[in-house]
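Student: Taking the numbering used here, the leading residue of the sequence shown gets 8, the next gets one more, and so forth.
All residues carry an ideal CB built from backbone N, CA and C; glycine is no exception.
Model, not experiment: these values are computed from the prediction.
Sharing a structure here in structure tokens format.
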Amino acid sequence: MTYGKNCEFERRTGWGFLSFAVGLLACGDTHAADLPLKAKGVEYVKVCSLYGAGFYYIPGTDTCIKLGGYLRTDLVVNSNSDFDPAYNGVAGARTRLGNAYTSRSRGDLNVDTRTATEYGTVRTFFETGLTWTDATYSGAGTGATVYSSIGGVQAPNNANSGAIAGGTVGVYSAFIQFAGFTIGKAISQFSVPWTNYPANNYDDLPGGTGWVTGVNQFTYTADFGHGITASFSAQDQVAHATTNVWNVSAATAAGLAASAHGGNDIAGTATPDFIAILRVDQPWGLFQASLVAHDNHAAYYGGDETTGHPSDKWGWASQLALSIKNIPTGPGDTINMSGAYTRGASRYDFNENMSTTYAMYGGTGLPGVYQSIGLAGLSDSVFVNGGAQELTTTYGFRAGYTHNWDAYWNTGIYGGWAAVRYSSIAKGYICGAFITGLSLSSGLAGCNPDFNYGALGLITRWTPVKNLTFSADVAYTMLDQRYAGGSTVTLPVQASIAKPAAVYELKDQNTVTLLLRAQRNW
């Protein structure tokens, strides 16, 4: 038997029996080697036109895939976070500990796959983001400061060097869609298509919710044709859809000074939130009605199960939304608006990116008073030991108008407002804690924990080339507290925000925040 050139070389090099045997298997008979071998067909990536631009067939399959994402950089002025206003913590305290600016960088990647089947399209969608946010410092009570990480991890043994390692990883979406079902982490069905952003980049707009980073759900959507759909959803309710369930009996002076009206007494999950929506999507715009039932499931009055607990109370929320497209002011101009009403489900009016406690400091003209403060706390329910849950009512709206000056420039004006109203029984609980813990000067007659919260903003965007946008977004935020004029409280030392024990006037507050953003989508 003779061998081809490569096999003969391997045989003569003396690699040993094993190499020789492998060579025999690889090369075969010389008669086969003398003939040209037929090359295996190469599978090329092909465009998939079934689902729009950007999809390609995965080689060797009938599944189409699309990769997308963005890179974003933010510079936020007068904030300790990414465009949250200075409404609590060191930012709300307005001391030297607060950041004059905060910056953030994020890289986002999403993967969309779709396969045509006899049951319709099977879709999977996954989106993740890698985020880096500058950090801040809080007070230690000795003149020293304590590093507080937002988007990184402090390098060991380097307390004040600013050496940071790491960042944050977010999973924004991870769901399967099949035969009308959506299973996994996706934007809430209660949300409108523009989520938290009727015309803005601003994250803290009240008057509705969005769940822009997704929430676990099991949803069925019925399509009736002509742009009319109805969805029914069971959605995770603890991580996203609950603000606070306060046991006022556990309130402390330190907590009340930060607007925590008691111990947060949320128990484990008992039932998901149940959502139903009806949507009409037409060339002129969109109309949507949303309704949700939310179970308030509290833990125990005390430290163990023998202390008892309040019974569950179901809350609910509703929302109406309207979008009007192609209005007479110009091509592509849009008006988006929505209104929400909640009882025992306040997260559906104050979106998931917003705080639930507000402590904003300012100046005062009252003699013998150190400074002023606006205090406001948001909850789904409150109770005291041995008592039942009292559900909190909220209502609000938000809207935005976007005008396109030309193909490169547009401007949006937007606003939102929401009111929080406690029952008379709940007010009695909270006011009793304020009088005892903070020596509220006006007593029960001047005590009212209700509040209003609003924001008004203006944004301008420039898109010099496709998918690259630079924007400037300025927002004015207002906290309207309802305590009697001239009321004061005596706050304890708050070392973390460098505030002394002193008498403070309860007063309305406001702040301005600016966001500069550059974003490249792909």
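1) Tell me Q488's beta-bridge partners as DSSP assigns them.
2) For L447 versus T484, is the C-beta spacing smaller than 9 Å?
3) I want to know whether the segment 233-240 touches the segment 305-321 - three or more CB-CB distances under 8 Å.
4) With DSSP as the reference, label R354 as helix, strand or coil.
5) Just curious, the alpha helix (DSSP H) that Y227 is in, first and last residue?
6) Take P507 as the anchor and find which of L513, T497, D89 has the nearest alpha-carbon.
7) Sort out for me which residues DSSP pairs V52 with in a bridge.
8) What is the DSSP secondary structure of I504, counted as helix, strand or coil?
9) Quick one: what's got a C-beta closer than 7 Å to R527's C-beta in the same chain, skipping five residues either side?
10) Does the Cβ of G266 have 16 or more other Cβ atoms within 10 Å, making it buried, or fewer, making it exposed?
11) When DSSP builds the beta bridges, which residues end up paired with D119?
12) Report the partner residues of S449 according to the DSSP bridge assignment.
13) In or out: E312 buried (at least 16 other Cβ within 10 Å) or exposed?
14) What does the Cβ neighbour count give for I380, buried or exposed, with the cut at 16 atoms within 10 Å?
15) In angstroms, rounded to a whole number, what distance separates the CA positions of Q488 and C454?
16) Measure the C-alpha to C-alpha separation of W416 and R405 and round it to an integer number of angstroms.
17) Can you tell me whether DSSP reads S431 as helix, strand or coil?
18) Where DSSP assigns a beta bridge to L82, which residues make up the other side?
19) By the 10 Å Cβ neighbour count, where 16 or more other Cβ atoms means buried, how is R354 classified, buried or exposed?
20) Tell me where the beta strand (DSSP E) around G369 begins and ends.
21) Helix, strand or coil: which one does DSSP assign to I331?
22) Would you decide whether P43 is buried or exposed? Buried here means 16 or more other CB atoms lie within 10 Å of its CB.
23) Considering L263, what are the terminal residues of the alpha helix (DSSP H) in which it resides?
24) Between the beta-carbon of S240 and the beta-carbon of A283, is there less than 9 Å?
25) Does the Cβ of F188 have 16 or more other Cβ atoms within 10 Å, making it buried, or fewer, making it exposed?
26) To the nearest angstrom, how far is the alpha carbon of G146 from that of N106?
27) Please list the segments of the alpha helix (DSSP H) lying wholly inside the segment 258-321, counting only runs of 4 or more residues, in order along the chain.
28) Which residues share a DSSP beta bridge with I235?
29) Within 8 Å, do at least three Cβ pairs link the segment 362-375 to the segment 411-426?
30) Starting from V389, trace the beta strand (DSSP E) in both directions and tell me its first and last residue.
31) Rounded to whole angstroms, what's the CA-CA distance from Y436 to T400? Just pull it up for me.
32) Alpha carbon to alpha carbon, what distance is there between D387 and P499?
33) Let me make sure I understand the geometry here. Which of Y511, A425, A324, L74 has the alpha-carbon closest to that of E134?
34) Going by beta carbon distance, what residues of the same chain come within less than 7 Å of L263, once the five residues before and after it are set aside?
Tutor: Reading off the structure:
1) F458
2) no
3) no
4) helix
5) Taken as a continuous stretch (DSSP letters only), Y227 belongs to no alpha helix (DSSP H), being part of the beta strand (DSSP E) at 222-232.
6) T497
7) The partner list for V52 (beta bridge, DSSP) is empty, contrary to what the question assumes.
8) I504 falls in the helix class under three-state DSSP.
9) Y77, L78, N474, L475
10) According to the sequence shown, residue 266 is Ser rather than Gly. By the neighbour-count rule (16 or more Cβ atoms within 10 Å), S266 is buried.
11) K73, F132
12) Paired residue(s): none; S449 is not in a bridge.
13) exposed
14) buried
15) 10 Å
16) 23 Å
17) helix
18) Answer is S110, L523, bridged to L82.
19) buried
20) 364-369
21) Judged by DSSP in its simplified three-state form, I331 adopts strand.
22) Any answer about P43 is weak, because its pLDDT of 47 lies below 50 and its placement is not dependable; what the coordinates show is given next. It counts as exposed.
23) 260-264
24) A283 is positioned such that its CB atom lies closer than 9 Å to that of S240.
25) exposed
26) 13 Å
27) 260-264
28) When beta bridges are read from the DSSP output, I235 appears opposite G232, V287.
29) no
30) 388-390
31) If you take the alpha carbons of Y436 and T400, they lie about 16 Å apart.
32) Distance between the alpha carbons of P499 and D387: 27 Å.
33) L74
34) Answer for L263: A440, F441, G444, L445, listed in chain order.
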